[in-house]
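See below for the structure under consideration.
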Amino acid sequence: MNDEFEKSLDFDDDPLNAMGVSRKSLVIFFLIDTSGSMKGTKMGELNTAMEELMPEIRRIGEADTDVKVAVLTFATHLAWMYPEPISIEEFEWSRLSPAGITNMGAAFEELAIRLSRNSFL
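Numbering (the numbering used here), first residue to last: 2 to 122.
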C-alpha cells in the first residue's frame with residue numbers, strides 16, 4: 002500500500018464528525034391544563050410526572066439530537082413557560098398551581114399559530 006495514503010488515514014477519527022453530519026432537531030410541545038379542575042392530587046401528580054420526565058428527555062438530547070421543549074399552560078389565560086422553545090439542557094420545570102376555567106380551545110388556537118411557518122418553528 003502507498004505509504005503516503007496510509008499516513009492520510011486516521012482511523013481514530015469519528016467518521017461522522019469528519020463528514021460534518023448535522024444533529025437531528027426535535028421540538029416537544031406540552032399543553033398543560035392549569036385550570037381549577039386540576040386541583041388536589043391531579044396537579045401534584047402532573048408536577049411530579051414532569052419533573053421525572055425531564056431527565057428522560059435529556060437522554061434523547063445526548064443521542065445527537067438537538068431537543069427543545071415548549072410548554073403552554075392554559076386556564077382562564079394562556080401562558081408559555083418560556084417565550085420560545087428552549088434547549089432541554091437549559092429547561093427547568095416550574096411547579097404549577099391550578100386556578101381558573103379550562104380554556105382548551107384558546108390553547109389549541111395558540112398552538113396552531115406557533116406551529117405555522119411564520120412563527121417559532
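Ideal Cβ placement from N, Cα and C applies to all residues, glycine included.
Note that the structure is a prediction, hence the values are computed from the model and not measured.
- DSSP places alanine 100 in no alpha helix (DSSP H); its state is neither H nor E.
- The continuous beta strand (DSSP E) containing isoleucine 33 extends over residues 25-34.
- In this structure, the straight-line span from the alpha carbon of proline 84 to that of alanine 107 is close to 17 Å.
- One thing to note: leucine 97 has its Cβ no nearer than 8 Å to the Cβ of phenylalanine 30.
- Annotated three-state conformation of isoleucine 114 is helix, per DSSP.
- Non-local beta-carbon contacts of proline 86 in its own chain, meaning distances under 6 Å to residues more than five positions away in sequence, involve Val28, Lys69, Ala71 in chain order.
- The three-state reading of DSSP puts serine 95 in coil, since its state is none of H, G, I, E or B.
- The continuous alpha helix (DSSP H) containing threonine 49 extends over residues 42-62.
- Within its own chain, the residues whose Cβ lies closer than 7 Å to the Cβ of serine 38, once the five positions on either side in sequence are excluded, are Thr103, listed in chain order.
- One Cα belongs to lysine 43, the other to glycine 62, and the distance between them is close to 29 Å.
- Arginine 115 places its beta carbon 8 Å or farther from that of isoleucine 89.
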